[in-house]
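According to the numbering used here, the sequence shown is numbered sequentially starting from 69. Written below as C-alpha cells is the structure these notes are about.
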Amino acid sequence: MKITVVGAGNVGATCADVLAYREVANEVILLDIKEGVAEGKALDIWQKSPINLYDTRTVGSTSDYSKTAGSEVVIITSGLPRKPGMSRDDLIETNAGIVKTVTENVVKHSPDAIIIVVSNPLDVMTYQAHITSEMPRAKVMGMAGILDTARYRAFLAEALNVSPKDIQAVLMGGHGDTMVPLPRYTTVGGIPVTELIDEESLNAIIERTKFGGGELVKLMGTSAWYAPGAAAAQMAEAIVRDQRRVFPVCIKLEGEYGIDDCYLGVPVILGKNGVEKVIELDLNEAEKALLEDSRGHVKEVMAVLDKINS
69 MKITVVGAGN VGATCADVLA YREVANEVIL LDIKEGVAEG KALDIWQKSP INLYDTRTVG
129 STSDYSKTAG SEVVIITSGL PRKPGMSRDD LIETNAGIVK TVTENVVKHS PDAIIIVVSN
189 PLDVMTYQAH ITSEMPRAKV MGMAGILDTA RYRAFLAEAL NVSPKDIQAV LMGGHGDTMV
249 PLPRYTTVGG IPVTELIDEE SLNAIIERTK FGGGELVKLM GTSAWYAPGA AAAQMAEAIV
309 RDQRRVFPVC IKLEGEYGID DCYLGVPVIL GKNGVEKVIE LDLNEAEKAL LEDSRGHVKE
369 VMAVLDKINS
C-alpha cells in the first residue's frame with residue numbers, strides 16, 4: 069500500500085512523518101520540485117524508524133511522478149504562501165497552476181487514487197483539483213474542517229481544563245474567517261458545551277478559531293504545519309483503513325443544505341471509497357444564514373478561478 073505526499077515543505081514533511089509513524093501505509097512517497105529536499109526529508113524520517121519503531125518506508129523524489137504510481141491516496145500540499153504585495157487573485161492564479169499540474173501527474177500515474185488537497189486557498193484549490201482530475205466528487209476533497217475543529221477543541225480544552233480527547237465538535241463552511249462553528253453540536257464527554265461554559269467565553273473561542281491560522285502566522289511569521297500535516301494524515305488513515313470516520317471535509321455540494329456547485333466543509337463519512345456519505349444536519353435559521361454567508365464568500369473566490377481558467 070502506497071501513499072504519496074506532494075510538497076515536501078513543513079506541512080508535507082509533517083504529514084509524511086505522521087503517516088510513517090502511524091504505519092498507515094507500507095510506503096510513503098514524498099515528492100517536491102526542489103532538488104534533494106524530498107529525498108533528504110524522507111531519508112531523515114526513515115532513519116527515525118528504529119527509534120520510534122515503525123516499518124513504513126519513506127522515499128523521496130524530485131519531480132519523478134513514476135515513483136508515485138499506484139498510490140491509494142495522494143495528498144497535495146504544494147503551493148506558495150501569500151507574500152507581501154501579492155494580491156489574493158495572484159495567489160489563486162499561482163497556486164491553481166501548481167495544483168493543476170500536480171493533479172494531472174497524479175491522475176496519470178495513480179488513476180484510482182483518492183486526492184486530499186491541503187494547498188491554499190483551500191476551497192478553491194479543491195475545486196481546481198476536482199475539475200482537473202475529472203474524478204467523482206467523492207474522491208477529491210479538501211482538508212480544512214479537521215484542522216479547524218482541532219483548533220476549536222484545543223481552545224475549549226484549555227478553557228475548561230479538560231482533556232481534548234473528550235471534546236467532539238463540528239465546523240462547516242469555508243476554510244477561514246467565514247467558517248461556521250456549531251456550538252449546538254459541540255460536546256465534552258457527551259455533555260453539551262453550553263452547560264460548561266458561558267456564552268461570552270464560548271463566542272470568544274469561536275472567534276479565535278476563525279482566525280487561528282492568522283494567529284500562528286503573527287507568532288511565527290509563517291503558516292502552521294504540525295496540525296495541518298497531522299490532519300491530512302488522519303484523513304488518509306481513515307480512507308486506507310476504511311474506518312468510516314465522521315469528519316468535516318471540503319467537498320463539492322450537489323444539493324445538500326440547499327447548495328449546489330460549491331466547495332464547502334461539511335460533515336461526511338470517510339472510508340475506503342473516499343467520501344462515503346455527506347451528512348446533512350438539521351441547521352437552525354441562524355446557522356443556515358452563516359452557512360449561506362460562507363457559501364457566498366467561497367463562490368466569489370471560485371469565480372476568480374473561473375476567470376483565470378477561461
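Beta carbons: idealized from backbone N, C-alpha and C, even for Gly.
Would you say the beta carbon of residue i comes nearer than 8 angstroms to a heavy atom of the ligand MN?
i	result
G75	The ligand content of the structure shown is nil, which means the ligand MN is not present either.
Smallest Cα separation from residue i: which of the options?
i	options	result
E103	P118, D123, S129, A81	S129
D112	V127, D350, V256, T217	V127
P316	I144, H243, N173, T171	H243
E283	V343, L264, R219, I265	R219
P149	T124, S291, E344	S291
L351	Y122, L250, K109	L250
If I follow the unbroken alpha helix (DSSP H) through residue i, where does it start and stop?
i	result
V105	105-115
M211	No alpha helix (DSSP H) contains M211, which DSSP labels as neither H nor E.
Y294	294-308
Y331	Counting along the chain, Y331 falls outside any alpha helix (DSSP H), though it belongs to the beta strand (DSSP E) covering 328-339.
Could you please give the first and the last residue of the uninterrupted beta strand (DSSP E) stretch that includes residue i?
i	result
S129	125-130
I73	Note that residue 73 corresponds to Val in the displayed sequence, not to Ile. Per DSSP, V73 belongs to the beta strand (DSSP E) from 70-74.
Tell me which same chain residues have a C-beta within less than 6 angstroms of the C-beta of residue i, skipping the five on either side of it?
i	result
K340	D310
V248	M240, G241, L358, L359, S362
A301	C83, V86, L87
I97	T72, V127, K135, T136
N94	M69
E353	none
Classify residue i: buried if its beta carbon has 16 or more other beta carbons within 10 angstroms, exposed otherwise.
i	result
V321	Rather than Val, the amino acid found at residue 321 in this sequence is Leu. The residue is buried, with at least 16 neighbouring Cβ atoms inside 10 Å.
P189	buried
D454	Residue numbering for the chain in the displayed model covers 69 to 378; residue 454 lies beyond these limits and cannot be assessed.
K278	buried
L99	buried
CB-CB under 7 angstroms to residue i, same chain, minus the five flanking residues each way: which ones, in chain order?
i	result
P118	none
T200	K168, T171, E172
Excluding the 5 residues flanking residue i on each side, which residues of the same chain have their C-beta closer than 8 angstroms to its C-beta?
i	result
G147	G75, T162, N163, I166, V167, S187, N188, M193
Pairing CB atoms from the stretch 293-310 with CB atoms from the stretch 327-336, are three or more of them under 8 angstroms? The stretch 293-310, when compared against the stretch 327-336, does not touch it at the 8 angstroms Cβ threshold.
Count the C-beta pairs between the stretch 76-83 and the stretch 293-306 that are closer than 8 angstroms, then say yes if the count reaches three, no if not. In the pairwise beta carbon analysis, the stretch 76-83 is classified as touching the stretch 293-306: at least three pairs are separated by under 8 angstroms.
Under 8 angstroms, with one C-beta from each stretch per pair, do the stretch 259-269 and the stretch 215-233 reach the 3-pair mark? Remark: three or more beta-carbon pairs, one from each stretch, lie closer than 8 angstroms, so the stretch 259-269 and the stretch 215-233 are flagged as touching.
Should the stretch 365-373 be called in touch with the stretch 181-201, which here means at least 3 C-beta pairs below 8 angstroms? By the Cβ test, the stretch 365-373 is in contact with the stretch 181-201, since at least three Cβ pairs between them sit closer than 8 angstroms.
Are the stretch 202-221 and the stretch 153-165 touching by the rule of at least three beta carbon pairs closer than 8 angstroms? The stretch 202-221 vs the stretch 153-165: no contact.
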